[in-house]
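**Student:**
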Amino acid sequence: MVAHVGLISLSVSLLSMPCLPRIGFTKRRPFPMAALSDDPVQEWILTEGKATRITGIRPVGGGCINLANRYDTDAGSFFVKTNRSIGPPMFEAEAIGLDAMYETRTIRVPKPFKVGPLRNGGSYIIMEYIEFGSSRSNQSVLGRKLAEMHKAGKSDKGFGFPVNNTVGSTPQINTWCSDWIQFYGEHRLGYQLKLAQDQYGDSTIYQRGYSFPH
Ligand SMILES: *[C@@H]1O[C@H](CO)[C@@H](O)[C@H](O)[C@H]1NC(C)=O
Ligand SMILES: *[C@@H]1O[C@H](CO)[C@@H](O)[C@H](O)[C@H]1NC(C)=O
Ligand SMILES: *[C@@H]1O[C@H](CO)[C@@H](O)[C@H](O)[C@H]1NC(C)=O
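Using mature numbering (1 follows the signal peptide of the UniProt record, and there is no 0), the letters of the sequence shown correspond one by one to residues -21 to -1, 1 to 193.
The following block contains the structure:
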């Protein structure tokens, strides 16, 4: 039976705000002199991450939910995302998804290293930093690899994923279905329509969505 890694579904999130692309690094900012024990990210990098020195921390643009930074060290670079208001479960699910994608050896994704809580609330994820080359715009190769990834990520449970995750910060339900059309209709489109109905108190969109044959 063909199945897929649910995280990758490129579903349209009706509720998420469009993110304006912010490409590249902004100016290097002063190196924070946080004591080791105050910052679990630095603590991990300087112990299990096997670095003895962090030589720079630079913000990375592109996302709109979390803060993203590149940490340069004498043991290479790390990519770190933090969120001050969402606890570890969001990044834990992201790490499980990244690991699943990584294991397929198809689309190149960063290997997740560590997820944990920040000291004053929120959470972080530390992963491999991938240096982008100049040839990254061939969409046909991307499409092929995406198909290979879904084939390699087969499960006899059908279509879904072992954990629920998020699209942006919106919950994404990955409950297993034996039928991909049912999965997509119910857990992708239908769930978004339900969220829209709950949030805006207007059932018109929901009813229109459900009037499509499914
Ligand atoms: C964390 O997530 C919330 C969504 O709950 C978002 O509004 C907030 O801006 C996020 N980012 C950071 C950097 O804390
Ligand atoms: C993209 O890659 C495919 C497969 O390698 C190749 O046939 C195609 O010419 C490439 N397209 C561009 C725009 O480079
Ligand atoms: C995912 O969310 C759905 C809906 O809330 C729930 O029924 C299901 O048990 C959750 N799955 C997991 C693995 O937590």
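Think of the CB as a built atom: it goes at the ideal place given N, C-alpha and C, for glycine as much as any other residue.
Compute every distance between the C-beta of residue 146 and the non-hydrogen atoms of ligand 4, then say whether any falls below 7 Å.
**Tutor:** By its list of ligands, the structure shown excludes ligand 4, since it contains just ligand 1, ligand 2 and ligand 3.
**Student:** With ligand 3 as the reference, list in chain order each residue whose Cβ lies under 7 Å from any of its heavy atoms.
**Tutor:** Any residue whose Cβ sits closer than 7 Å to a heavy atom of ligand 3 makes the list: 141, 142, 143, 152, 153, 154.
**Student:** Is any non-hydrogen atom of ligand 1 found closer than 7 Å to the C-beta of residue 247, if you look at the structure I gave you?
**Tutor:** Since the displayed the chain opens at -21 and closes at 193, residue 247 lies outside it and no answer follows.
**Student:** When every heavy atom of ligand 2 is checked, does at least one fall within less than 7 Å of the C-beta of residue 119?
**Tutor:** It does: the Cβ of residue 119 is within 7 Å (strictly closer) of some heavy atom of ligand 2.
**Student:** Quick check: what's the CA-CA separation for residue 136 versus residue 33?
**Tutor:** Straight-line Cα distance between these residues: approximately 44 Å.
**Student:** Listed in chain order, which residues are found with a beta carbon closer than 7 Å to a heavy atom of ligand 1?
**Tutor:** Going by the Cβ distance cut-off, the answer is 44, 45, 46, 61, 62, 63, 64, 65, 101, 148.
**Student:** Are there 16 or more other CB atoms within 10 angstroms of the CB of residue 27, so buried, or fewer, so exposed?
**Tutor:** Label assigned to residue 27: exposed.
**Student:** DSSP state of residue 97, grouped into three classes?
**Tutor:** It is coil, neither helix nor strand.
**Student:** Buried or exposed: residue 120, going by 16 or more other Cβ atoms within 10 Å of its Cβ?
**Tutor:** It counts as exposed.
**Student:** Whole angstroms is fine: what's the gap from residue 60's alpha carbon to residue 98's?
**Tutor:** Those two C-alpha atoms are separated by around 15 Å.
**Student:** Along the chain, where does the beta strand (DSSP E) that runs through residue 140 open and close?
**Tutor:** It is not in any beta strand (DSSP E) - residue 140 carries neither H nor E in the DSSP assignment.
**Student:** On the three-state DSSP scale, how would you describe residue 72?
**Tutor:** Helix.
**Student:** Please go through the same chain and pick out, in chain order, the residues whose beta-carbon is closer than 8 Å to the beta-carbon of residue 23, but skip the five residues on each side of it.
**Tutor:** Taken in chain order, the residues that qualify are 92, 93, 95, 105.
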